[in-house]
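Trainee:
2 protein chains.
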Amino acid sequence: MKSTITITQIAQESGVSVATVSRFLNGKVPVSADKKARIEAVVRKYDFTPNALARGLISKRTMTLGVILPDITNPYFATIFQEVQRCAAEEGYSVYLCNTRFHHGDAPIDETGYFRMMMDKKVDGILIIGGQLDMVEITPAYKEALNKLSASLPVVAAGREIPGAGCIFIDSENGSGVTTAYNYLSSLGHKDIAFVGGQPGVTITETRLESYKKAAAASGRGVREDLISLSDYYLPDGYQAAEALISRNAPFTAVITMNDNVALGAIRAFADHGLSVPRDVALISCDRFYFADYTIPRLTSIHHHSRRWGQMVVRTLIQAVQGSTENARITFPPELIIGESCGSHLQH
Amino acid sequence: MKSTITITQIAQESGVSVATVSRFLNGKVPVSADKKARIEAVVRKYDFTPNALARGLISKRTMTLGVILPDITNPYFATIFQEVQRCAAEEGYSVYLCNTRFHHGDAPIDETGYFRMMMDKKVDGILIIGGQLDMVEITPAYKEALNKLSASLPVVAAGREIPGAGCIFIDSENGSGVTTAYNYLSSLGHKDIAFVGGQPGVTITETRLESYKKAAAASGRGVREDLISLSDYYLPDGYQAAEALISRNAPFTAVITMNDNVALGAIRAFADHGLSVPRDVALISCDRFYFADYTIPRLTSIHHHSRRWGQMVVRTLIQAVQGSTENARITFPPELIIGESCGSHLQH
DNA sequence: CTGAAAGCGCTTACAG
DNA sequence: CTGAAAGCGCTTACAG
Chain A
1 MKSTITITQI
11 AQESGVSVAT
21 VSRFLNGKVP
31 VSADKKARIE
41 AVVRKYDFTP
51 NALARGLISK
61 RTMTLGVILP
71 DITNPYFATI
81 FQEVQRCAAE
91 EGYSVYLCNT
101 RFHHGDAPID
111 ETGYFRMMMD
121 KKVDGILIIG
131 GQLDMVEITP
141 AYKEALNKLS
151 ASLPVVAAGR
161 EIPGAGCIFI
171 DSENGSGVTT
181 AYNYLSSLGH
191 KDIAFVGGQP
201 GVTITETRLE
211 SYKKAAAASG
221 RGVREDLISL
231 SDYYLPDGYQ
241 AAEALISRNA
251 PFTAVITMND
261 NVALGAIRAF
271 ADHGLSVPRD
281 VALISCDRFY
291 FADYTIPRLT
301 SIHHHSRRWG
311 QMVVRTLIQA
321 VQGSTENARI
331 TFPPELIIGE
341 SCGSHLQH
Chain B
1 MKSTITITQI
11 AQESGVSVAT
21 VSRFLNGKVP
31 VSADKKARIE
41 AVVRKYDFTP
51 NALARGLISK
61 RTMTLGVILP
71 DITNPYFATI
81 FQEVQRCAAE
91 EGYSVYLCNT
101 RFHHGDAPID
111 ETGYFRMMMD
121 KKVDGILIIG
131 GQLDMVEITP
141 AYKEALNKLS
151 ASLPVVAAGR
161 EIPGAGCIFI
171 DSENGSGVTT
181 AYNYLSSLGH
191 KDIAFVGGQP
201 GVTITETRLE
211 SYKKAAAASG
221 RGVREDLISL
231 SDYYLPDGYQ
241 AAEALISRNA
251 PFTAVITMND
261 NVALGAIRAF
271 ADHGLSVPRD
281 VALISCDRFY
291 FADYTIPRLT
301 SIHHHSRRWG
311 QMVVRTLIQA
321 VQGSTENARI
331 TFPPELIIGE
341 SCGSHLQH
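In the order they appear, the protein sequences are chains A and B. Take the first sequence: its position 76, counted from the start at 1, is 76 in full-length UniProt numbering, and no numbers get skipped. Take the second sequence: its position 255, counted from the start at 1, is 255 in full-length UniProt numbering, and no numbers get skipped.
(1) Assuming Cys-286 (chain A) is part of the beta strand (DSSP E), what are its boundary residues?
(2) How many angstroms separate the CA atom of Lys-191 (chain A) from the CA atom of Arg-221 (chain A)?
(3) Let's see if you can read the secondary structure: which residues bound the alpha helix (DSSP H) around Leu-97 (chain B)?
(4) Please report how far the alpha carbon of Tyr-93 (chain A) lies from the alpha carbon of Arg-61 (chain A), in whole angstroms.
(5) Find out if the Cβ-Cβ distance for the pair Ala-157 (chain A), Leu-185 (chain A) is shorter than 7 Å.
(6) For Asp-124 (chain A), which residues from the same chain have a beta carbon less than 8 Å from its beta carbon, with the 5 sequence-adjacent residues on both sides left out?
(7) Relative to the C-alpha of Gln-199 (chain A), which residue among A:Leu-317, A:Ser-14 and A:Gln-240 is closest?
(8) Spatial neighbours of Val-18 (chain A) within its chain, please: CB distance less than 7 Å, with the 5 preceding and 5 following residues excluded, ordered by chain position.
(9) To the nearest angstrom, report how far apart Val-202 (chain A) and Ser-276 (chain A) are at their CA atoms.
(10) What first and last residue would you give for the beta strand (DSSP E) that runs through Ile-129 (chain A)?
(11) Between the region 258-275 of chain B and the region 224-236 of chain B, do at least 3 Cβ pairs fall closer than 8 Å?
(12) In terms of DSSP beta bridges, what is Phe-169 (chain B) paired with?
(13) List the residues of chain B whose Cβ lies closer than 8 Å to the Cβ of Asp-120 (chain A), in chain order.
(14) Let me make sure I understand the geometry here. Which of A:Val-314, A:Gly-323 and A:Leu-299 has the alpha-carbon closest to that of Leu-336 (chain A)?
(15) Tell me which residues share the same chain as Ile-302 (chain B) and place their Cβ nearer than 8 Å to its Cβ, disregarding the 5 neighbours each side in the sequence.
(16) Below 7 Å CB to CB, which residues in the same chain sit around Arg-308 (chain B) once its five sequence neighbours on both sides are set aside?
(17) On the DSSP bridge assignment, give the partners of Val-321 (chain B) in chain order.
(18) Cα separation between Asn-147 (chain B) and Gly-113 (chain B)?
(19) Residue ranges of each beta strand (DSSP E) run of no fewer than 3 residues wholly in the region 47-107 of chain B, ordered along the chain?
(20) Does chain A have any CB closer than 7 Å to the CB of Ile-337 (chain B)?
(21) Which bits of chain B does Leu-149 (chain A) rub up against, with CB to CB less than 8 Å?
(22) Just to confirm the assignment, what range does the alpha helix (DSSP H) spanning Phe-115 (chain B) have?
(23) Which residues in chain A have a C-beta closer than 8 Å to the C-beta of Ile-7 (chain B)? List them in chain order.
(24) Quick one: Cα of Phe-24 (chain B) to Cα of Val-95 (chain B), how far?
(25) Using the beta-carbon count (16 or more within 10 Å), is Met-1 (chain B) buried or exposed?
(26) In chain A, which residues lie less than 8 Å from Leu-264 (chain B) when you measure between Cβ atoms?
(27) Assuming the contact rule is C-beta atoms closer than 8 Å, Ile-126 (chain B) and Ile-68 (chain B) should be a hit. Round their C-beta distance to whole Å, please.
(28) Check whether the Cβ of Phe-270 (chain B) lies closer than 7 Å to any Cβ atom in chain A.
(29) Counting only beta-carbon separations shorter than 7 Å, does Thr-257 (chain A) have a partner in chain B?
(30) Is it buried or exposed, Ala-33 (chain B), if we count other Cβ atoms within 10 angstroms and call 16 or more buried?
(31) Buried or exposed, going by whether 16 or more other CB atoms sit within 10 Å of the CB of Leu-227 (chain A)?
(32) For my contact list, Phe-115 (chain A) and Ala-145 (chain A) are in at a C-beta cut-off of 8 Å; report their separation, rounded to the angstrom.
(33) Scan the region 218-242 of chain B for residues whose Cβ lies nearer than 9 Å to a Cβ of chain A and list them as they occur along the chain.
(34) Can you tell me whether DSSP reads Met-135 (chain A) as helix, strand or coil?
(35) Applying a beta-carbon distance threshold of less than 9 Å, which residues of chain A neighbour Phe-115 (chain B)?
(36) Which value, in whole angstroms, describes the spacing of the CA atoms of Arg-315 (chain B) and Glu-90 (chain B)?
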């Protein structure tokens, strides 16, 4: 539309060379006071800022980051992304957001298309959260694409570590939250504790399930497969998984759910089958979402500090972009937030 | 990191000029079959794709869009954004996401900084949803920045129309949903209907409040200011606004809330004050969020079809980018989804 | 159909 | 401190 002004015109009008204008703009090399003043006046007159494309083309830095994640409508990812984008903006970076999963039940689209897109756009670094990365079985095509990606730019991958992929891996989950949840439910007297939600074949689900099984085994009751009802991460999944659990007629008095979406779905299903949480079923969830303090009942859940985690992840990425090899991988211990859904507030 | 391959190298290895490779890559101009084959082989060998920066610099099209919105953790925006990004990706566009509001209670950051960022990055078009745009009082600085922005690239602005700003304005709200909600509550026998949530001074709040007042006036009972309790759009706001309403000791039997976050907060506040929804208070909300079918009680709310709306908005933007002047502004009538929160399922 | 050349708007050695 | 020049990796008239 409007013909935009360029550094050449600024130079002409200021009576200096483009090189000097460039130096003024970048502020690294000293420029004499009088030229500085002249340039500044012209720059201000036109409200000039340099073309980031031209700048990126020659300097090999675009001040641009890419984030690839499954589903921004999932509060877990939204919270992390928001923090990532905020910190990035503070450092002067713009960030692309690429979703790979759009509707509950739909197959996710291929992430590697985004890899290509981001490489072409010459982003300075990429953050991948979950998705194919988090599958227990990685396809060779995905691994190859990831290799290629991380060979050409810094990649921070939040999820399961893939040996030899050349990314900086950050693990967000070690299952300790589930252990805490299990033990807390045990301490309230529960013996038959079910596990609800999460997609089989995904690392985070398997990790949490593993912790659950270990805790169940340690409790002396042993692992009971009929108390495990997997599905996926959304509300309808929680609903269905809870219904499936109920239909088995296996006795249970408590459940651990994969996240707060699943928890809401499960609570709803229980209610529709005449079971009240926490009166009939105690519930503890993972990945505390923003609404957890306001549901009926308030959720008791494991807080994974996703906001702080997002900050840490983006800082790691920016450091990698800026050439640091240091691997500032601080982890935050998950924290049990007591609400009402496990019924402990009813006890004395 | 890895030195990337360029069109020049592809040309050399294929034994053709860079111009021919470029033509092959763009597929617009015919290339002879044998050269095509040779180039194709080399391109495939290196898995070559052109540098989007260089391409954008010369062609003036970056295949990049910018989205500026208040808060991606708000399900309303997340749903819209997701649809925008999906459609954009289908058309080959990458999209930047810029948040302006990060924490409940924090002041939003200045959007005009993002305007600059997006202009520098030479995005092909920008979508602005809400934020300062939606304030009843627009600051001169904002208006000037918006003018400048829309003078240099296509801008689709979802929110209140600002005369002379040069944007394509799309209105998402005419208050008719609130009218529907009010009338429905009336038909259930409610006389004292309150309005809860929403930030004063924001167009969407004022528009809905206006509809509420009109409906109240039309009902014969008149507008009662003590039944209006504004605040903001988040859960804690719904909670506080509901508490404020209760504390006034003005009788009411039903409420209309600004959105489903506010609804959840309000329901929670009512519960904490011994009021059950829908037994003691009937509730209808706006901006149906994804969890509305799973809360206790299930929410009755006005569905604004934000997914379809997002599709329409991004298509309008892409058309504008591609030079269309047509203003494909289809609107979807809001739809009342009956859940349980207004208690109609209890009546016979 | 095709190549040589100009040019997009910058940055950065290089030589003063 | 400063300018002329080369160059980033492409596209696109222009002339065949």
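Built from N, CA and C at the ideal position, the CB exists for glycine as well.
Mentor: Taking the geometry as given:
(1) 282-286
(2) 7 Å
(3) It is not in any alpha helix (DSSP H) - Leu-97 (chain B) instead sits in the beta strand (DSSP E) that spans 94-99.
(4) 10 Å
(5) no
(6) Arg-61, Thr-62, Met-63, Thr-64, Leu-65, Tyr-93, Leu-153, Pro-154 and Val-321
(7) A:Gln-240
(8) Ile-7, Thr-8 and Ala-11
(9) 30 Å
(10) 125-129
(11) yes
(12) B:Ala-157
(13) Thr-49, Pro-50, Asn-51 and Ala-52
(14) A:Leu-299
(15) Gly-177, Val-178, Thr-180, Ala-181, Ile-284, Ser-285, Cys-286, Asp-287, Arg-288, Pro-334, Glu-335, Leu-336 and Ile-337
(16) Phe-332
(17) Its beta-bridge partners do not exist; DSSP assigns none.
(18) 14 Å
(19) 64-69 and 94-99
(20) no
(21) Correct list: empty, because the minimum Cβ distance to chain B is about 10 Å.
(22) 112-120
(23) Correct list: empty, because the minimum Cβ distance to chain A is about 13 Å.
(24) 26 Å
(25) Any reading at Met-1 (chain B) must be qualified, since the residue scores a pLDDT of 44, below 50, and its modelled position is unreliable; no value is offered.
(26) Phe-291, Tyr-294 and Thr-295
(27) 7 Å
(28) no
(29) no
(30) exposed
(31) buried
(32) 5 Å
(33) Tyr-234, Leu-235, Pro-236, Gly-238 and Tyr-239
(34) strand
(35) Ordered by position in chain A, no residue passes the 9 Å Cβ test against Phe-115 (chain B), which lies about 11 Å from the chain.
(36) 11 Å
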